[in-house]
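Enquirer: So the protein sequences, as listed, match chains A and B. Take the first sequence: its letters are residues 1 to 310, numbered as in UniProt numbering. Take the second sequence: its letters are residues 1 to 259, numbered as in UniProt numbering. For each residue, glycine too, the CB sits at the ideal point set by N, CA and C. Dropping a structure here in structure tokens format, bear with me for questions.
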Amino acid sequence: MTTTSLTKSRGAGHTGDKVFSAATLAAGCLILAVLFGVALFLVVQAIPALVAPADQIQGGEGFFTYIWPLVIGTLIAAVIALVIATPLAIGVALFISHFAPRNLASGLGYVVDLLAAIPSVVYGAWGVAFLAKEISPSYDWLAKNMGWLPIFQGPASATGKTILTAGIVLAVMVLPIITSLTREIFLQTPKLHEEAALALGATRWEMIRMTVLPFGRPGIISAVMLGLGRALGETMAVALVLSSGALTASLIQTGNQTIAAEIALNFPEASGLKVNTLIAAGLVLFVITLGVNVIARGIISRHKEFSGAN
Amino acid sequence: MSKRIDVKDLNVYYGKFLAVEDVNINIDAKSVTAFIGPSGCGKSTFLRTLNRMHEVIPGARVEGEVLLDGDNLYGPGVDPVTVRSQIGMVFQRPNPFPTMSIRDNVLAGVKLNNKKISKGEADVLVERSLQGANLWNEVKDRLSKPGSGLSGGQQQRLCIARAIAVEPQVILMDEPCSALDPISTLAIEDLINELKDQYTVVIVTHNMQQAARVSDKTAFFNIAGTGKPGKLIEFGDTPTIFSNPTEKATEDYVSGRFG
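Here is the structure:
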């Protein structure tokens, strides 16, 4: 028997702890440094465009006049995408997590994950080569029957390359993101609470409304925000699908443009102050995304007490 | 407002596996019946067949009859949702809905099936149910706070309040005190004694003293070995089961010689 003293400890275990803690600290700092670096770059490069005289900016009326139609266009496309994708994604996720037989559910989940892996240029190509053509007759119908609404005012674009088409393509792109995140969240609803609802005489849908959806609420919001992030920043698909132009209220006419697509289309040929203008547009997009995330965090934390985390 | 349960030749399966074999038992209205037995003997499984909660597990099915005042729960056309609204259940771990306030937890079952209830009626029902669960005095000033902020024992009484708010015929309790401290356990046991004036109560417990304290009748379940089905060994008045059982296995179990 050897005597062991309390002051003696296994050196190797401590080395592991130290390495691990240093690695996580480095990773945490790195992400902050990268974010800060990007923000700094955007601000520094954007300043010349922000302070330049109005007539030197593209359009000749200053940066603000240049950027706000792009901001509105970006938001319109993103909102269309989320309005279409969110209910659909939650429906698909609920089907996979709570309604589909197990074999079908895993297959379907795999297919949805696969959708997220398709590069955006493929979605763009599909949007312009197939969707835009197929959907333009329905735009004519909308213009004829719902034309009294400003958003469906005619004449509809003959090519179908409109902001609504771009929004639909974006919806298809964000659908798998929201679906796979919400599905994981729905699957984590505690069995205990689901059984509590069922034991009270709840139907399956009532059980979902009482337990699965409230429990998953913060997760649903986070998933939608991630989807929104992708929709706001998506470049290639919009650049391909949208036949851009001036800001218009009508979603089925040619027109509107998003910040990301504007940057992508103009950057290769830009020089001098034009580059600074485009980077400033990027800064605006950065601020929008940041603002959206802050609002989402606020919504989530306001209901913390009832979140089920305590 | 309480009904009796008669079980005839009940076999419970998980897929092909026979989990509980050939149970016949008659549970009187307005009485407390305790199920005791070693772990894995099928008493919880059997309890869950009494309100068709076992069906939540894929592949679970039963053969035989469970009669609620003569009506077969497994008859053709019987909706498990209706069964569960008549036969309430309290679980091993307290499970108030964390996303709801105390008040909404009590009303959760009542608001199902799109039933509308006026605020006045709801207030009366919330107070009556919480009184019935001996919880009113502790929570009356914080009804809008989340139920998950209560202590374990309070949460379990909240779950009982939630169960009695829908005015069931029978209340099933699956080891309701196993996650609670002795004082909270005592509070629940007192409550069970009061509940039997109005409800038929069936309780599964690992605690034999508890069975002896709260129940009128006791059923002893046992299992011959791993992979074998659980069986009802003996069922009778609680004093008889504990002091003068007929079966050797029951005597061994209640005297602590086995299990």
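Can you check whether the C-beta of T74(A) is within less than 8 Å of a C-beta belonging to chain B?
Expert: no
Enquirer: Name, please, each residue of chain A whose Cβ falls closer than 7 Å to the Cβ of V56(B).
Expert: Counting only Cβ-Cβ distances below 7 Å, V56(B) has contacts in chain A at E195 and L198, in chain order.
Enquirer: Identify the residues that DSSP records as bridge partners of T289(A): which are they?
Expert: According to DSSP, T289(A) bridges with nothing at all.
Enquirer: Is DSSP giving G219(A) helix, strand or coil here?
Expert: helix
Enquirer: Does the beta carbon of V78(B) come closer than 8 Å to any beta carbon on chain A?
Expert: At a cut-off of 8 Å between C-beta atoms, V78(B) does not count as an interface residue with respect to chain A.
Enquirer: Counting only beta-carbon separations shorter than 8 Å, does A161(B) have a partner in chain A?
Expert: no
Enquirer: Let me see if you follow: with CB-CB separation under 8 Å, is S144(B) close to chain A or not?
Expert: no
Enquirer: Whose CA, out of T200(B), S101(B) and V201(B), lies closest to the CA of K140(B)?
Expert: Of T200(B), S101(B) and V201(B), the residue nearest in Cα terms is S101(B).
Enquirer: What does a CB cutoff of less than 6 Å around Y139(A) pick up in its chain, not counting 5 residues either side in sequence?
Expert: Contacts found: A156 and I252.
Enquirer: Going straight from the alpha carbon of S222(A) to that of L170(A), what length do you get?
Expert: 18 Å
Enquirer: To be precise: take each residue of the region 197 to 223 of chain A, compare its Cβ to all Cβ atoms of chain B, and keep it if any distance is under 8 Å. Which residues remain?
Expert: A197, L198, A199, L200, G201, A202, T203, E206, M210, T211, P214, F215 and R217
Enquirer: Should Y66(A) go down as buried or exposed, given a rule of 16 or more other Cβ atoms within 10 Å for buried?
Expert: By the neighbour-count rule (16 or more Cβ atoms within 10 Å), Y66(A) is buried.
Enquirer: To the nearest angstrom, how far is it from the Cα of G109(A) to the Cα of S180(A)?
Expert: 7 Å
Enquirer: What is the residue span of the beta strand (DSSP E) that M173(B) lies within?
Expert: V170 to D174
Enquirer: If A260(A) and V238(A) are in contact, beta carbons under 8 Å, what's the gap, nearest whole angstrom?
Expert: At roughly 7 Å, the Cβ-Cβ gap stays under 8 Å, so A260(A) and V238(A) are in contact.
Enquirer: What does DSSP give as the partner residues of G88(B) in its beta bridges?
Expert: DSSP output for G88(B) lists I171(B) as bridge partner(s).
Enquirer: Roughly how many whole angstroms lie between the Cα atoms of E175(B) and I177(A)?
Expert: 41 Å
Enquirer: Can you give the Cα-Cα distance for V83(B) and K3(B), rounded to whole angstroms?
Expert: The straight-line gap from Cα to Cα measures roughly 13 Å.
Enquirer: Taking the alpha-carbon of P76(B) as reference, which of K30(B), V170(B) and G64(B) has the nearest alpha-carbon?
Expert: G64(B)
Enquirer: At a Cβ cut of 7 Å, what residues of the region 104 to 127 of chain A count as close to chain B, listed as they run along the chain?
Expert: none
Enquirer: With 7 Å as the limit, tell me which residues of the region 180 to 192 of chain A have their beta carbon closer than that to any beta carbon of chain B; keep them in chain order.
Expert: L192
Enquirer: For P101(A) and D69(B), what's the separation of their Cα atoms in angstroms?
Expert: 35 Å
Enquirer: On the premise that A132(A) lies in contact with T165(A), defined as a C-beta separation below 8 Å, what is that separation, rounded to the nearest angstrom?
Expert: 5 Å
Enquirer: Which two residues bound the contiguous alpha helix (DSSP H) that contains R48(B)?
Expert: K43 to T49
Enquirer: Should C29(A) go down as buried or exposed, given a rule of 16 or more other Cβ atoms within 10 Å for buried?
Expert: exposed
Enquirer: If we ignore side chains and look at the alpha-carbon of each, how far apart do I258(A) and T99(B) end up?
Expert: The amino acid occupying residue 258(A) in the given sequence is Thr; Ile does not appear at that position. Approximately 39 Å between the Cα atoms of the pair.
Enquirer: Report yes or no: do the region 216 to 230 of chain B and the region 32 to 51 of chain B share at least 3 C-beta pairs separated by less than 8 Å?
Expert: Yes, the region 216 to 230 of chain B is in contact with the region 32 to 51 of chain B.
Enquirer: Hey, out of E262(A), G233(A), L149(A) and A281(A), whose CA is closest to V44(A)'s CA?
Expert: A281(A)
Enquirer: Which residues in chain A have a C-beta closer than 8 Å to the C-beta of M53(B)? List them in chain order.
Expert: Listed along the chain, the chain A residues whose CB falls inside 8 Å of the CB of M53(B) are E195, L198 and A199.
Enquirer: Please list, in chain order, all residues of the same chain as P168(B) whose beta carbon is under 8 Å from its beta carbon, the five residues on each side excluded.
Expert: Closer than 8 Å at Cβ, skipping near neighbours: S85, Q86, I87, G88 and Y199.
Enquirer: Return the residues of the region 9 to 43 of chain B that lie within a Cβ-Cβ distance of less than 8 Å from chain A, sorted by chain order.
Expert: Those residues of the region 9 to 43 of chain B that come within reach of chain A (Cβ to Cβ, closer than 8 Å) do not exist; the list is empty.
Enquirer: Spell out whether any CB of chain A is found under 8 Å from the CB atom of L112(B).
Expert: L112(B) counts as touching chain A.
Enquirer: So that I know if they touch, is there some Cβ in chain A lying closer than 8 Å to that of F46(B)?
Expert: no
Enquirer: Starting from Y66(A), follow the alpha helix (DSSP H) in both directions and report where the run begins and ends.
Expert: F63 to L94
Enquirer: Taking Cβ to Cβ, would you say E195(A) is nearer than 8 Å to F91(B)?
Expert: yes
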